[in-house]
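*Asks:*
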Amino acid sequence: MKTTASLHGIIPPMVTPLLSNTEIDEEGLIKLIEHIISGGVHGIFLLGTTGEAPHLSYELRKEFIKKACSVINKRVPVVVGITDTSITGSLEIAQTASDAGADAVVISAPYYVSISQQEMVEYLEYLVPQLPLPFMMYNMPSCTKLHMSVETVRKAKELGALGIKDSSGDLAYLYALMDEFKDSPDFSIIVGTELFIPETIINGGHGAVPGGANMFPRLFVDLYEASKKGDITRIAELREKIIQIDNKIYSISSEGSKYIKSIKCALSEMGICNNFVSMPFTPFGAEKQNEMKQNISEIDFLEINK
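Right under this line is the structure:
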């Protein structure tokens, strides 16, 4: 099954604005979507790692998909993460995404007990024929315990995958993907590591899913466009700003959950959405919040839409 969605450019993995473990921050959701879209992005990724999908109930995930797709209203393509330990749960979320008007679903390896490359292929062979939407792959070995081999990705492409998002942080692997599929321009190579965006685009990749685009969508769109043009001077200038995000936002904590918590805390300080994170995570305490407030005040490229 094919889609008219073009998987390229900057596709932010949107956080899930929450008021509690059972309630969506609806005002924050609207503000966040408008903030992201006004930055010129090329799509939005719902319920990825940054979206805290594994910690949300099926009911809340379904409600979020419906509300987000309604607000986005076809202005940009929407892809929805359906990875779960339960294949039935994955199919339920996929059907909700289809009914809500999403363009594609995103599949990673079921987590907790690690699976082999062959088991991943067999899983796809069973799952894909039942999907109501086109799909793309998501390589996230730090969370799933499976670093998808190039051969596994090739098998996924044969089953109809539109592309792959690689968040392994393995630049050699990323280059291997781009080399393997260089003669398949319709198979999108999308990077998750923010500092790899120029290398990806310059060497034949198609886009990125950067968490920082929740806060600074225009910055990442500018980096994508500079990379498309091969503008080395502009790339260097923008890369310095990406490093500033890492130093001032991501690095105020060392916890495994630091990216999600930092992005939500920063968005809260920017007046966009609530900083609540779902259990088992908890929001930053007063000391870290004050540190974030100070760091945000020092960033000279804030993108706040009044």
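Converting from the sequence shown to our numbering requires adding 1248 to each position, the first position being numbered 1. Note that the Cβ used here is the ideal one computed from N, Cα and C, for glycine as well.
Taking DSSP as the reference, what is the three-state secondary structure of ASN1495?
*Replies:* What you label residue 1495 is simply residue 247 of the sequence shown in a count that begins at 1. ASN1495: helix per DSSP, three-state reduction.
*Asks:* Tell me whether the beta-carbon of ALA1345 lies closer than 9 Å to the beta-carbon of ILE1320.
*Replies:* In the sequence shown, counting from the first residue as 1, residue 1345 sits at position 97. In the sequence shown, counting from the first residue as 1, residue 1320 sits at position 72. Contact flag unset, no.
*Asks:* Give the range of the beta strand (DSSP E) segment to which LYS1413 is assigned.
*Replies:* For the purposes of this step, residue 1413 is identified with residue 165 of the sequence shown, where counting begins at 1. Looking at the DSSP string, the run of the beta strand (DSSP E) that includes LYS1413 is 1411 to 1414.
*Asks:* Beta-carbon separation of ILE1497 and ILE1511 under 9 Å?
*Replies:* Along the sequence shown, read from residue 1 onward, the residue named residue 1497 stands at position 249. Along the sequence shown, read from residue 1 onward, the residue named residue 1511 stands at position 263. Cβ distance < 9 Å, so ILE1497 and ILE1511 count as in contact.
*Asks:* DSSP state of MET1385, grouped into three classes?
*Replies:* Here the question's residue 1385 lines up with position 137 in the sequence shown. Correct three-state label for MET1385: strand.
*Asks:* Does SER1440 come out as helix, strand or coil in the three-state DSSP assignment?
*Replies:* In the sequence shown, the residue the question calls residue 1440 occupies position 192. Sequence check: residue 1440 is Gly here, not Ser. GLY1440: coil per DSSP, three-state reduction.
*Asks:* If ILE1355 sits next to LYS1315, beta carbons under 8 Å apart, how far is it from one beta carbon to the other, in whole angstroms?
*Replies:* For the purposes of this step, residue 1355 is taken as the residue at position 107 of the sequence shown. For the purposes of this step, residue 1315 is taken as the residue at position 67 of the sequence shown. Contact flag wrong, Cβ pair sits at about 23 Å.
*Asks:* Which residue from LEU1277, ILE1363 and ILE1330 puts its Cα closest to that of ALA1342?
*Replies:* Residue numbering aside, residue 1342 sits at position 94 when the sequence shown is read from its first letter. Answer by Cα proximity: ILE1330.
*Asks:* Starting from the Cα of ILE1491, find the closest Cα among GLY1291, ILE1412, GLU1442 and ARG1466 and give me that residue.
*Replies:* Here residue 1491 corresponds to residue number 243 of the sequence shown, with the count starting at 1. Nearest of GLY1291, ILE1412, GLU1442 and ARG1466 to ILE1491, Cα basis: GLU1442.
*Asks:* Between the Cα of SER1526 and the Cα atoms of PRO1377, THR1298 and VAL1439, which residue gives the shortest distance?
*Replies:* For the purposes of this step, residue 1526 is identified with residue 278 of the sequence shown, where counting begins at 1. Nearest option by C-alpha distance: THR1298.
*Asks:* Once you ignore the five residues that flank ILE1281 on each side, which residues in its own chain have a CB closer than 8 Å to its CB?
*Replies:* Sequence index remark: in the sequence shown, residue 1281 carries index 33 (1-based). MET1262, ILE1292, ALA1316, VAL1319 and ILE1320.
*Asks:* How should ALA1461 be labelled, buried or exposed, when 16 other C-beta atoms within 10 angstroms of its C-beta is the threshold for buried?
*Replies:* Position 213 of the sequence shown, counted from the start, is the residue given in the question as residue 1461. Under this definition ALA1461 is a buried residue.
*Asks:* Under 8 Å, with one C-beta from each stretch per pair, do the stretch 1530 to 1544 and the stretch 1265 to 1279 reach the 3-pair mark?
*Replies:* no
*Asks:* If you draw a straight line from the C-alpha of VAL1469 to the C-alpha of VAL1457, how long is it?
*Replies:* Within the sequence shown, residue 1469 is the residue found at index 221, counting from 1. Within the sequence shown, residue 1457 is the residue found at index 209, counting from 1. About 11 Å.
*Asks:* Rounding to the nearest angstrom, what Cα-Cα distance links SER1338 and THR1481 in this structure?
*Replies:* Working through the sequence shown from its first residue, we reach residue 1338 at position 90. Working through the sequence shown from its first residue, we reach residue 1481 at position 233. C-alpha separation (whole angstroms): 44 Å.
*Asks:* Could you name the residues of the same chain whose beta carbon sits closer than 6 Å to that of PHE1435, not counting the 5 residues immediately before and after it, in chain order?
*Replies:* Along the sequence shown, read from residue 1 onward, the residue named residue 1435 stands at position 187. Taken in chain order, the residues that qualify are LYS1405, GLY1411 and PHE1429.
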